[in-house]
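What follows is one structure encoded as structure tokens, with my remarks underneath.
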Ligand SMILES: Nc1ncnc2c1ncn2[C@@H]1O[C@H](COP(=O)(O)OP(=O)(O)OP(=O)(O)O)[C@@H](O)[C@H]1O
Ligand SMILES: [Mg+2]
């Protein structure tokens with residue numbers, strides 16, 4: 324009962340922070356945990372990201388949406404030190420973060436997950452979790468470091484890992500190779516692993532993509548839990564049903580820019596957002612049933628392909 328009250332209060336506090344905010348790109352928030360200025364990332368002639376200003380409200384669940392290729396993942400990569408911005412500054416909790424490498428960003432309390440899950444398949448679930456405690460870095464780094472790292476293993480890390488695995492209902496898989504997990508279980512593992520550093524800001528890149536419907540609700544519940552536990556969540560998602568279900572505020576990107584912000588209930592009727600999705604020749608974000616239909620189509624196509632292959 325007490326936990327429920329807290330959850331309601333946190334949601335209410337987040338919504339209160341957004342009440343009466345202008346729907347303009349870059350609108351200042353009452354208590355931002357992340358403040359971004361003039362972040363630019365170019366790939367040759369293509370400007371993938373050009374964000375003038377954006378703020379993420381502490382304690383909120385904020386969705387980052389936008390057509391394919393809008394620059395959402397690239398933006399995440401800049402902020403979390405997985406790629407180097409051509410220019411720009413950003414602060415996390417008032418601390419400047421540009422140029423800080425990924426594992427240090429993570430240890431400072433700002434973690435992200437990947438659109439394509441990065442669970443190391445030849446390591447066990449528990450080993451993946453332990454690596455999470457060190458923040459995130461390239462696989463080659465871990466390979467080089469593994470032997471020394473395991474020797475210095477601390478019980479506290481294992482204990483925290485086990486706690487999280489239980490919370491995410493992965494405790495039974497503890498000793499299994501991450502490679503043997505289903506897509507949805509990998510997403511859960513990645514979220515659990517991100518929590519090893521006890522972050523304040525969790526950035527999720529399409530946490531629900533490719534997850535079967537049975538696990539979707541569980542994942543959504545875990546995202547809501549993060550806020551209940553006092554964390555701030557910024558997540559990328561195409562499915563508007565999910566965005567409406569869990570987010571307090573929506574930031575919209577198109578062609579590298581933040582083009583609009585607003586509440587989840589009304590954001591899709593914003594002219595600028597409609598234009599952006601039409602202009603990108605991209606269908607409007609999918610509803611749950613549309614998504615399912617597309618999945619079935621893709622599965623059927625794949626099955627047909629396999630059948631054709633085996634008949635050769
Ligand atoms: N390493 C790279 N080299 C060259 N171009 C890139 C690279 N990474 C991304 N891009 C380009 O930058 C643009 C933004 O890509 P990004 O993946 O950030 O979009 P997104 O909003 O995450 O899209 P989606 O919703 O499909 O995941 C795209 O045009 C993409 O092709
Ligand atoms: Mg992306």
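In the numbering used here, the protein residues as written are 324 to 635. Just so it is clear, CB atoms sit at the ideal spot from N, CA and C, and this is done for glycine as well.
Whether residue i touches residue j by CB criterion (7 Å)
| i | j | result |
| --- | --- | --- |
| residue 348 | residue 583 | yes |
| residue 411 | residue 377 | no |
| residue 444 | residue 502 | yes |
| residue 525 | residue 434 | yes |
| residue 557 | residue 385 | yes |
| residue 546 | residue 388 | no |
| residue 577 | residue 519 | no |
| residue 382 | residue 555 | yes |
| residue 395 | residue 559 | yes |
| residue 516 | residue 451 | yes |
| residue 579 | residue 371 | yes |
| residue 479 | residue 453 | no |
For residue i, the nearest candidate out of the options (CA to CA)
| i | options | result |
| --- | --- | --- |
| residue 430 | 570, 382, 404, 578 | 404 |
| residue 500 | 449, 427, 336, 331 | 449 |
| residue 413 | 439, 427, 357, 397 | 357 |
| residue 571 | 560, 478, 338 | 338 |
| residue 534 | 341, 440, 409, 374 | 440 |
| residue 540 | 564, 523, 602, 601 | 564 |
| residue 367 | 390, 380, 409 | 409 |
| residue 491 | 416, 542, 391 | 542 |
| residue 544 | 521, 568, 393 | 568 |
| residue 591 | 379, 355, 390 | 390 |
| residue 536 | 521, 505, 523, 427 | 505 |
| residue 522 | 428, 538, 421 | 428 |
| residue 447 | 538, 415, 393, 481 | 481 |
| residue 379 | 393, 415, 419 | 415 |
| residue 418 | 496, 486, 355, 599 | 355 |
Cβ neighbour criterion (16 or more within 10 Å) applied to residue i
| i | result |
| --- | --- |
| residue 510 | buried |
| residue 528 | buried |
| residue 549 | buried |
| residue 373 | buried |
| residue 341 | buried |
| residue 462 | In this prediction, residue 462 has a pLDDT of 43, which is less than 50 and means its spatial position is unreliable; what the coordinates show is noted afterwards. It counts as exposed. |
| residue 498 | exposed |
| residue 513 | buried |
| residue 601 | exposed |
| residue 597 | exposed |
| residue 333 | buried |
| residue 589 | exposed |
| residue 331 | exposed |
| residue 552 | exposed |
| residue 369 | exposed |
| residue 353 | exposed |
| residue 587 | buried |
Beta-carbon proximity list for residue i, same chain, < 7 Å, skipping 5 on both sides
| i | result |
| --- | --- |
| residue 360 | 376, 411, 412, 413 |
| residue 400 | 406 |
| residue 421 | 408, 411, 412, 413 |
Cβ neighbours of residue i in the same chain (closer than 8 Å, five flanking residues each side left out)
| i | result |
| --- | --- |
| residue 593 | 346, 575, 583, 585 |
| residue 438 | 396, 528, 529, 532, 559 |
Own chain partners of residue i with C-beta closer than 6 Å, once the 5 adjacent residues on each side are dropped
| i | result |
| --- | --- |
| residue 494 | 488 |
| residue 595 | 582, 583 |
| residue 467 | Bear in mind that the predicted position of residue 467 carries a pLDDT of just 49, short of 50, making it unreliable; the figure below should be weighed with that in mind. Same-chain partners within the cutoff: there are none. |
| residue 344 | 350 |
| residue 538 | 507 |
| residue 393 | 576, 577 |
| residue 398 | 372 |
| residue 599 | 577, 582 |
| residue 496 | 448 |
Those residues which DSSP pairs with residue i across a bridge
| i | result |
| --- | --- |
| residue 528 | 559 |
| residue 504 | DSSP output for residue 504 lists no bridge partner at all. |
| residue 384 | 556 |
| residue 360 | 376, 412 |
| residue 366 | 369 |
| residue 576 | 581 |
| residue 434 | 525 |
| residue 396 | Partner(s): none; residue 396 has no beta bridge. |
| residue 497 | Bridge partners of residue 497: none, in fact. |
| residue 419 | 414 |
Proximity test, Cβ basis, 7 Å: residue i and chain C
| i | result |
| --- | --- |
| residue 563 | You won't find chain C in this structure, because it holds only one protein chain. |
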